[in-house]
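Offset between the sequence shown (1-based) and this note's numbering: plus 87. Where a beta carbon is used, it is the ideal one built from N, C-alpha and C, also for glycine. Input: a single structure, listed below in structure tokens.
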Amino acid sequence: MNKPPVIAFDVNETLLSLDPIKARFEQIFGGDPPVGEWFARMLHGSLVANAMDNYRPFGDIGVEALLTVAVKRGLSLRGEDAVDVVGEMMSLPPHPDVPDGLRRLHEAGFEMVALTNSSSVVARDQMENAGLTQFLRRVISVEEVRRFKPDPATYHHAAQLMGIPIGDLTLVAAHDWDCAGATAADAGTVFVKRPGAVWSIPADMPDVVVGDIADLADLLIH
Numbered sequence: 088m089n090k091p092p093v094i095a096f097d098v099n100e101t102l103l104s105l106d107p108i109k110a111r112f113e114q115i116f117g118g119d120p121p122v123g124e125w126f127a128r129m130l131h132g133s134l135v136a137n138a139m140d141n142y143r144p145f146g147d148i149g150v151e152a153l154l155t156v157a158v159k160r161g162l163s164l165r166g167e168d169a170v171d172v173v174g175e176m177m178s179l180p181p182h183p184d185v186p187d188g189l190r191r192l193h194e195a196g197f198e199m200v201a202l203t204n205s206s207s208v209v210a211r212d213q214m215e216n217a218g219l220t221q222f223l224r225r226v227i228s229v230e231e232v233r234r235f236k237p238d239p240a241t242y243h244h245a246a247q248l249m250g251i252p253i254g255d256l257t258l259v260a261a262h263d264w265d266c267a268g269a270t271a272a273d274a275g276t277v278f279v280k281r282p283g284a285v286w287s288i289p290a291d292m293p294d295v296v297v298g299d300i301a302d303l304a305d306l307l308i309h
């Protein structure tokens with residue numbers, strides 16, 4: 088893999104762990120909490136927002152998704168409680184491999200940004216609370232273009248902000264849909280095959296697949 092001029096990291100699940108959200112879901116739903124269904128419904132809501140040109144913060148869509156999942160399971164969940172649970176997104180911890188992996192890449196001179204569906208305020212708080220801001224040139228929210236990933240406009244916006252052609256941007260993500268969106272925008276891609284992350288869409292998997300950010304650092308630093 089050639090050295091990418093700019094690496095754009097997806098945030099939720101790629102850099103940050105959803106384990107605290109899982110713990111809160113267990114309090115509400117009991118065993119086998121539907122975190123995956125909730126996150127999928129967030130993505131569904133963001134895609135509908137794109138299709139209808141009706142942008143609203145990702146956290147708002149997360150609350151809507153959580154309330155829907157609760158209703159489907161016959162639970163009565165207050166709106167303020169759903170807001171409180173989704174608010175956990177602001178203080179998610181990094182996966183164990185992330186801080187050292189980003190540090191190594193940063194010390195090796197790689198230019199790195201975060202590119203996330205979270206709002207600007209949430210994204211900044213996420214990176215600061217996780218202790219990752221020091222490794223990143225910028226934290227870029229799709230809020231700036233009012234379109235959610237995997238809309239091509241989000242990746243083009245990141246490249247424009249960094250002053251590079253889209254082909255010089257490489258997205259690193261643990262989501263097949265995010266990688267596919269970046270590919271459609273003509274950006275490079277790296278798929279992070281974290282536990283439970285599967286490639287499930289009718290598009291070619293990226294040539295570069297890593298298990299975590301430490302593996303990415305091993306691959307890029309010679």
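CB contact flag (residue i, residue j, <8 Å)
i      : j      : result
Thr276 : Leu258 : yes
Val226 : Met214 : yes
Leu219 : Ser104 : no
Ala169 : Trp125 : no
Val93  : Val200 : yes
Ala95  : Leu256 : yes
Glu198 : Arg224 : yes
Val279 : Asp263 : no
Leu202 : Thr155 : no
Arg160 : Phe116 : yes
Which listed residue (the options) has its alpha carbon closest to that of residue i
i      : options                           : result
Pro121 : Leu134, Arg143, Pro239 and Leu162 : Leu162
Gly146 : Val173, Pro289, Leu164 and Phe126 : Val173
Arg128 : Ile300, Ala260 and Ile148         : Ile148
Ala272 : Gln247, Ala261 and Trp286         : Gln247
Asn204 : His193, Glu194 and Glu231         : Glu231
His182 : Asp255, Ala261, Gly250 and Lys159 : Ala261
Lys236 : Met88, Asp305, Ser206 and Glu167  : Ser206
Asp97  : Pro293, Arg165, Cys266 and Leu134 : Cys266
Phe222 : Gly196, Asp238 and Met292         : Gly196
Enclosing beta strand (DSSP E) for residue i [first to last residue]
i      : result
Gly268 : Here Gly268 belongs to no beta strand (DSSP E); instead the alpha helix (DSSP H) covers Asp263 to Ala271.
Arg225 : Arg225 to Ser228
Leu256 : Leu256 to Ala260
Val285 : Run containing Val285: none; DSSP gives neither H nor E here.
Val296 : Val295 to Val297
Reduced DSSP secondary structure (H/G/I, E/B, other) of residue i
i      : result
Met199 : strand
Thr220 : helix
Phe278 : strand
Asn137 : helix
Ile308 : coil
Ile94  : strand
Leu248 : helix
Leu103 : strand
Pro181 : strand
Delimiting residues of the alpha helix (DSSP H) encompassing residue i
i      : result
Val150 : Phe145 to Lys159
Val185 : Val185 to Glu194
Glu231 : Here Glu231 belongs to no alpha helix (DSSP H), and DSSP marks it neither H nor E.
Classification of residue i by the beta-carbon crowding that lies within 10 angstroms, buried from 16 upward
i      : result
Ile288 : exposed
Pro91  : buried
Gly132 : buried
Glu100 : buried
Ala274 : buried
Ala245 : buried
Val208 : exposed
Val158 : exposed
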